[in-house]
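Visitor: Shown below is the structure under consideration.
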């Protein structure tokens, strides 16, 4: 059995995977390495396209170390009879915590406070913030991560509402329409996959329906937000701010980097030691189950 690990993985996880068979780690020529591979392991960097799969005639399993599967051509895998698995629960808490942390960063203006102190400036009077308590948090998508965030935000005294056509009776929060969520929320946190229906769901029209103090938080997928519409709204003060961990193309160095009312992080939502350990454990367990 041959396993190809296309993207970087923790050494402990790689060591466990190597026990399952001949393992190629981050090969310089991925297509050549796939010629006799039974399984391919990816994170978010490698795109498993139909063209890539033509170089893997023996492939029977694609394992995504993480949640989203938008970097995997699911239809091409289905046609080939290649099973696709992921680790959906492993990074739930880490992503929910970062979404909440981004809200604190915006409302207490932490990036500016930190930068000014390191520049030996004392801007105490200029850095008056706001509290999260009693503010309305609108969660778009109440899957594992959205539900985890709802519980954490409720514990802080936030008023939680959510939109998810597939979920009912959440442990924390009131279900509303998407239009009502946009109009009522002080903070809007996105937790849905990138699909033709959700692409650009935060655009000029939806932003026009938001409060002027609204803050958009995206730790899901970059394509959910129309970059031009967001930049225009931030520049013109039509919303209060934004906090983003994901971008339409990565690494990101676009025009959002020029704005002061946005907090940006380099796709680190699942990058905690605890989450990576859980991802590794869940991944190895699924490989053992699928590959025997």
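Numbering (this note's numbering), first residue to last: 3 to 294.
Where is the CB? At the ideal position from N, CA and C, for every residue including glycine.
If I follow the unbroken alpha helix (DSSP H) through residue 194, where does it start and stop?
Guide: Unbroken run through residue 194: none, as it is neither H nor E.
Visitor: Assuming residue 292 and residue 87 are in contact, meaning their beta carbons sit under 8 Å apart, how far apart are those beta carbons, in whole angstroms?
Guide: 6 Å
Visitor: Within this structure, are the beta carbons of residue 281 and residue 92 separated by less than 7 Å?
Guide: Yes, the Cβ-Cβ distance between residue 281 and residue 92 is below 7 Å.
Visitor: May I have the straight-line CA-CA distance separating residue 35 from residue 61, to the nearest angstrom?
Guide: 11 Å
Visitor: Between which two residues does the alpha helix (DSSP H) harbouring residue 74 extend?
Guide: In the DSSP assignment, residue 74 falls outside any alpha helix (DSSP H) and carries neither an H nor an E.
Visitor: Tell me whether the beta-carbon of residue 43 lies closer than 7 Å to the beta-carbon of residue 25.
Guide: no
Visitor: With which residues is residue 245 paired in a DSSP beta bridge?
Guide: 219 and 265
Visitor: Given residue 211, which residues of its chain have a CB within under 8 Å of its CB, disregarding the five upstream and five downstream residues?
Guide: 181, 184 and 185
Visitor: Report the three-state DSSP secondary structure of residue 140 (helix, strand or coil).
Guide: strand
Visitor: Using the C-alpha atoms, what's the distance from residue 187 back to residue 120?
Guide: 34 Å
Visitor: What residue does the alpha helix (DSSP H) around residue 94 start on, and which one ends it?
Guide: 94-109
Visitor: Select from 107, 141, 241 and 289 the residue whose C-alpha is nearest the C-alpha of residue 129.
Guide: Considering only alpha carbons, the answer is 107.
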